[in-house]
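*Asks:*
Chains as they are written, first to last, in this note's numbering: chain E, 2 to 287; chain Y, 476 to 788.
1. Note down, in chain order, all residues in the segment 215-247 of chain E with a beta-carbon under 7 Å from any beta-carbon belonging to chain A.
2. Examine chain E for any beta-carbon lying closer than 8 Å to the beta-carbon of residue 550(Y), and answer yes or no.
3. What do you get for residue 728(Y), buried or exposed, if any count of 16 or more other CB atoms within 10 angstroms of its CB means buried?
4. How big is the Cα-Cα spacing for residue 754(Y) and residue 534(Y)?
5. Closest by CA to residue 201(E), which one among 185(E), 213(E) and 216(E)?
6. Using the Cα positions of residue 270(E) and residue 277(E), report the straight-line distance between them to the nearest angstrom.
7. Can you give me the start and stop residues for the alpha helix (DSSP H) that residue 238(E) sits inside?
8. Kindly list the residues whose CB is nearer than 8 Å to the CB of residue 498(Y), restricted to its own chain and excluding five residues on each side of it in sequence; keep chain order.
9. Using Cβ-Cβ distances below 9 Å, what residues of the segment 602-623 of chain Y are close to chain E?
10. Let me confirm a value: residue 516(Y) is counted as buried when at least 16 other C-beta atoms fall within 10 Å, else exposed. Which label applies?
11. Kindly provide the ranges of any beta strand (DSSP E) runs that are 3 or more residues long and lie completely inside the segment 526-551 of chain Y, ordered along the chain.
12. Just verifying my parser: in three-state terms, what is the DSSP assignment at residue 761(Y)?
13. Name the residues in the segment 8-36 of chain E whose C-beta lies less than 8 Å from a C-beta of chain Y; which are they?
14. Taking the CB atoms as reference points, tell me whether residue 209(E) and residue 97(E) lie closer together than 8 Å.
15. Please decide whether residue 145(E) counts as near chain Y, where near means a Cβ-Cβ distance under 8 Å.
16. Going along chain E in order, which residues have a C-beta closer than 7 Å to the C-beta of residue 766(Y)?
17. Could you give the distance in angstroms between the alpha-carbon of residue 783(Y) and the alpha-carbon of residue 110(E)?
18. Does the Cβ of residue 47(E) have 16 or more other Cβ atoms within 10 Å, making it buried, or fewer, making it exposed?
19. Within 10 angstroms of the Cβ of residue 651(Y), are there 16 or more other Cβ atoms? Answer buried if so, exposed if not.
20. Using only CA atoms, which one of 31(E), 260(E), 13(E) and 164(E) lies nearest to residue 105(E)?
21. Tell me, to the nearest whole angstrom, how far the beta carbon of residue 31(E) is from that of residue 621(Y); I am working on the premise that it is less than 8 Å.
22. Taking the alpha-carbon positions, what's the residue 709(Y) to residue 699(Y) distance?
23. Under DSSP, the alpha helix (DSSP H) around residue 474(Y) begins and ends at which residues?
24. On the CB-based measure, 16 or more other CB atoms within 10 Å of its CB, does residue 723(Y) come out buried or exposed?
25. Which value, in whole angstroms, describes the spacing of the CA atoms of residue 494(Y) and residue 204(E)?
26. Tell me where the alpha helix (DSSP H) around residue 122(E) begins and ends.
27. Does any residue of chain E have a CB that is nearer than 8 Å to the CB of residue 640(Y)?
28. Runs of 4 residues minimum, wholly inside the segment 601-642 of chain Y: which ones carry the alpha helix (DSSP H) assignment?
29. Give me the Cα-Cα distance between residue 654(Y) and residue 27(E), rounded to the nearest whole angstrom.
30. For residue 507(Y), which of helix, strand or coil comes out of DSSP?
31. Looking at the unbroken alpha helix (DSSP H) that takes in residue 724(Y), where does it start and where does it end?
32. Report yes or no: is there a C-beta of chain Y within less than 8 Å of the C-beta of residue 269(E)?
33. Quick check: the Cα distance between residue 173(E) and residue 512(Y), rounded to an integer number of angstroms?
34. What is the DSSP secondary structure of residue 690(Y), reduced to helix, strand or coil?
35. Terminal residues of the continuous alpha helix (DSSP H) containing residue 180(E)?
36. Leaving out five residues on either side along the sequence, give the residues of the same chain with a beta carbon under 6 Å from the beta carbon of residue 238(E).
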């Protein structure tokens with residue numbers, strides 16, 4: 002039973018919570034307003050809080066044909082390609098991680114194989130892999146093999162980030178399913194493959210959707226791999242950095258780009274808050 | 476002798492039931508190995524690349540040069556002679572150390588605040604997740620625009636408090652502070668989420684018993700809650716320490732290591748060495764040093780975590 006707080010304490014606590022929420026949310030709100038401003042308004046001092054919103058910045062991001070026709074000089078960006086790249090790479094990474102990771106997770110959760118825990122920790126260890134130490138040799142390898150700047154190569158290399166996470170997350174979700182159900186089905190004569198397909202997978206579906214959301218997010222976040230191993234297939238995070246031309250700061254256009262990269266994660270919070278929390282703190286809290 | 480004979484006869488004529496089970500287990504194992512093999516093979520590929528990277532750090536590999544010589548530890552010897560390298564080591568440790576320390580303290584406060592479960596705390600829970608789900612590169616660029624010395628909102632807010640223009644990431648003296656601030660904004664929620672889980676795991680009866688015995692709120696926190704959540708704080712610190720020692724996106728997105736060398740942490744230096752100066756061998760050597768710092772730091776934190784956990788239980 003919780004003890005009762007006085008109204009004054011309650012008020013102070015609520016105020017403190019709002020202050021924290023404000024600090025966490027304000028930068029995003031500010032960037033959204035900036036993406037709706039004109040360049041002159043963004044550069045104004047003091048910053049303008051009242052303005053007539055424009056969608057011109059978003060148009061500039063996608064309008065390859067009319068590039069240069071902006072009110073603030075020449076800026077040529079093609080933002081559609083990197084967004085497509087990011088979506089393709091992230092979805093591909095999720096699918097490969099699902100296909101490869103879930104069977105492995107099932108074995109690690111349910112079957113007795115030699116060195117099981119060692120294998121599990123070998124896989125978890127990749128969560129802390131020094132990515133550059135993998136990427137520096139990979140650069141030459143990709144150039145020779147012809148995987149440089151291809152979707153296939155990118156999806157493969159993204160597995161260094163996504164696959165270990167998928168194995169560990171789905172292993173923990175599988176362990177949540179009572180073992181009795183599977184054993185009962187096996188007693189009734191169901192083959193292991195059928196048990197997996199008709200009993201485990203349906204029960205696992207919510208967990209796998211949650212894990213996939215998180216893995217998509219991880220892939221969406223990645224920057225270093227795309228920076229080094231791709232050029233025309235570069236993800237949106239790399240394209241963002243190019244919007245920050247040294248010298249000419251088109252802040253509102255960049256803000257529009259930022260808004261686009263941040264919309265998807267924010268939507269994901271709304272869909273799967275519970276799963277994201279579990280995934281983001283994974284390893285530290287089960 | 477008889478015993479061996481007996482056992483061999485029993486091996487020769489096992490009961491039907493046992494034989495069936497033996498075959499089934501073997502088949503199951505075969506299946507299990509087939510299921511786990513693709514994941515292991517993919518990851519072994521990365522492990523191989525990792526060792527290949529360590530090997531490259533012992534060569535004078537440069538991009539586009541056909542002849543590669545094994546030069547032993549020369550790359551490392553050359554590195555430790557330069558002041559730039561030690562500056563990078565210092566920047567890496569300062570960045571990660573101060574960021575993790577501040578995040579742990581603020582994360583604890585944030586978790587305690589949300590654990591009060593006042594009305595708005597329950598309503599605003601999802602907001603805690605917000606910084607964590609944004610791409611670190613977007614976070615970096617978002618703060619770059621906000622920290623612009625001429626037109627940024629941060630300086631406007633400071634001017635409201637009567638503080639004159641702050642240079643943020645454009646001055647070597649303040650750049651590191653600004654980066655740590657960005658890291659703190661982004662990852663304090665990570666600590667908060669984990670500590671929050673720890674706080675929820677504490678039995679209310681323990682608190683109640685302490686209160687009945689006359690302990691005040693602050694004393695309950697210090698002597699009962701804090702020791703119980705200390706392992707949670709430390710494990711979160713281990714995760715964050717590893718990631719901030721390796722942090723690349725936030726630093727590359729804001730300062731690219733500048734101004735001057737003030738924020739050139741090892742990962743950024745490795746990138747510049749390998750992919751801008753095209754000295755792959757030297758870049759790999761920088762990364763190996765970074766990795767060793769990560770190992771030592773993690774090892775120390777895990778030891779501390781084990782020690783604290785033992786004392787709690």
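Idealized CB from N, CA, C, for every residue including glycine.
*Replies:* Per the coordinate set shown:
1. Reference to chain A is not applicable here, since the protein chains of this structure are E and Y.
2. Answer no: the Cβ-Cβ gap between residue 550(Y) and chain E never drops below 8 Å.
3. By the C-beta density criterion, residue 728(Y) is buried, having at least 16 other C-beta atoms within 10 angstroms.
4. C-alpha of residue 754(Y) to C-alpha of residue 534(Y): approximately 10 Å in a straight line.
5. With distances taken between Cα atoms, residue 201(E) lies closest to 185(E).
6. The straight-line gap from Cα to Cα measures roughly 7 Å.
7. Boundaries of the alpha helix (DSSP H) around residue 238(E): 237-244.
8. With a pLDDT of only 47 at residue 498(Y), under 50, the local geometry of the prediction cannot be trusted, and the value read off the model is given with reservation. Cβ neighbours of residue 498(Y) beyond the five flanking positions: none.
9. Answer in chain order: 602, 603, 604, 605, 606, 607, 608, 609, 610, 611, 612, 613, 614, 615, 616, 617, 618, 619, 620, 621 and 623.
10. It is exposed - the Cβ of residue 516(Y) has fewer than 16 other Cβ atoms within 10 Å.
11. You should have found no qualifying run.
12. Helix, per DSSP.
13. Within the segment 8-36 of chain E, the qualifying residues are 11, 14, 15, 17, 18, 19, 21, 22, 24, 25, 26, 28, 29, 31, 32 and 35.
14. No, Cβ-Cβ distance for residue 209(E) and residue 97(E) is not below 8 Å.
15. Not an interface residue.
16. Within chain E, 131 and 134 have C-beta atoms less than 7 Å from the C-beta of residue 766(Y), given in sequence order.
17. Take the alpha-carbon of residue 783(Y) and the one of residue 110(E): they are about 29 Å apart.
18. It is exposed - the Cβ of residue 47(E) has fewer than 16 other Cβ atoms within 10 Å.
19. Burial of residue 651(Y) is indicated by the presence of at least 16 other C-beta atoms within 10 angstroms of its C-beta.
20. Nearest neighbour of residue 105(E) by Cα position, chosen from 31(E), 260(E), 13(E) and 164(E), turns out to be 164(E).
21. Contact holds; Cβ gap of about 7 Å.
22. About 17 Å.
23. As displayed, chain Y neither begins before 476 nor continues past 788, which places residue 474(Y) out of reach and without an answer.
24. The residue in question, residue 723(Y), is buried, as its Cβ has 16 or more Cβ neighbours within 10 Å.
25. Unreliable placement is indicated for residue 494(Y), whose pLDDT of 46 sits below 50; the coordinate value is still reported in the next sentence. If you take the alpha carbons of residue 494(Y) and residue 204(E), they lie about 33 Å apart.
26. For residue 122(E), the enclosing alpha helix (DSSP H) starts and ends at 117-126.
27. Chain E contact via Cβ: absent.
28. For the segment 601-642 of chain Y, the full-length alpha helix (DSSP H) segments reaching 4 residues or more read 611-621 and 628-635 along the chain.
29. Approximately 18 Å, taken between the alpha carbons.
30. Three-state result, residue 507(Y): helix.
31. Note, residue 724(Y): alpha helix (DSSP H), 724-729.
32. Answer yes: the Cβ-Cβ gap between residue 269(E) and chain Y drops below 8 Å somewhere.
33. One Cα belongs to residue 173(E), the other to residue 512(Y), and the distance between them is close to 19 Å.
34. Looking at residue 690(Y) - three-state DSSP - the assignment turns out to be coil, as it is neither helix nor strand.
35. Here the alpha helix (DSSP H) through residue 180(E) covers 180-188.
36. Cβ neighbours of residue 238(E) beyond the five flanking positions: 224.
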